[in-house]
Each structure stands twice: as C-alpha cells, then as structure tokens.
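What follows is a single structure, written as structure tokens, with notes after it.
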Amino acid sequence: MRFRKINEEEIRLGIAPLIDIIFLLLIFFMVTSHFDVASGVRIRLPKVDKKFFNQEGAKLTLVINKSGGIYLKGKRVEMKILRKRLKNLVKDKDLVHLILQADKDVKHGRVVQVMDLAKSAGVHSIIIAARWKSEKVF
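Residue numbers for the sequence shown follow the working numbering, beginning at 263 and rising by one.
Set out below in structure tokens:
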C-alpha cells in the first residue's frame, strides 16, 4: 500500500497587507506630528510703514522698578492716578502704543495689573521691553 504525501502549502505572510499597514502608519505619523521651526532659520520679515513709528505722541514708556514703583514720563505715579493719566493721554495725544519696561525681579502680578489698567484706559497695544541675551535658555 502506497501512502500519498499530502502536499501542504507553506504558510506565508503576504507582503501586500504589510505594505498597506506601513503606509497607513506613515500617513498617521505625518498628519499627527508637528514640526518646530528651528531658531536661526533665516526669514524675511514684512516691512512696516515708517509713519507707524513716527507718529507724534503715539508711544509712551512706562517703567516699573524692582520694588513695584511705577514711573510715567520719569515721574512716580500711584496706581490710582495711573489710569486717569493714561486715559487723558489716549484722549489728548491719541496714544496707541505703551512701551512697558519692568525690572526682571518685579512681581508678575504687578505687571499684569498695569497691563490690565492700560488696556482699560484705552491703550491699543502694549509692547514689553526686553534685552536680548545670546545665552542658551536650556
């Protein structure tokens, strides 16, 4: 009696479904990831009209020292009077920009109070002054 060998097919893993899965994963990671722009990348900034910077009375500097004292035009001003003075400057000179120079050791809450007060007085934009330091932050 002769026994026949049963030819079993080898079990193979199809490559087509694997390629589909790889492409789906690739698309998923491309869509869900975000890319940070590295500092040092050269860009061209848009130009601003010169009359934007040359407006008379359009800018005013406000200084907050380390102890939290507020100085407007070189004179110390109390918080209660500051709003009234800023409102008058906005009305009289059409003040648009306020340059805020705060000491690095002043409390954050004080700076936020001054910014909120300036906005409520009608100042359109607040520019926070800072000095560039070339050291790495990390």
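Ideal Cβ placement from N, Cα and C applies to all residues, glycine included.
None of the values given here were measured: they were computed from a predicted structure.
query	result
My assumption, with CB atoms under 8 Å, is that I389 sits in contact with I343. Please give the rounded CB distance.	With 8 Å as the limit, I389 and I343 do not qualify as a contact, their Cβ atoms being about 22 Å apart.
One question on the structure: do D365 and K328 come within less than 7 Å of each other, judged by their Cβ atoms?	yes
Let me make sure I understand the geometry here. Which of V376, I326, F290 and L286 has the alpha-carbon closest to that of D367?	I326
State the start and end residues of the unbroken beta strand (DSSP E) segment that holds R338.	K337 to V339
Just tell me which of V376, V293 and T323 has its CA closest to the CA of E340.	V376
Roughly how many angstroms lie between the CA atoms of H386 and G331, to the nearest whole one?	23 Å
Based on the DSSP output, what are the partners of H359 in its beta bridges?	K321 and S387
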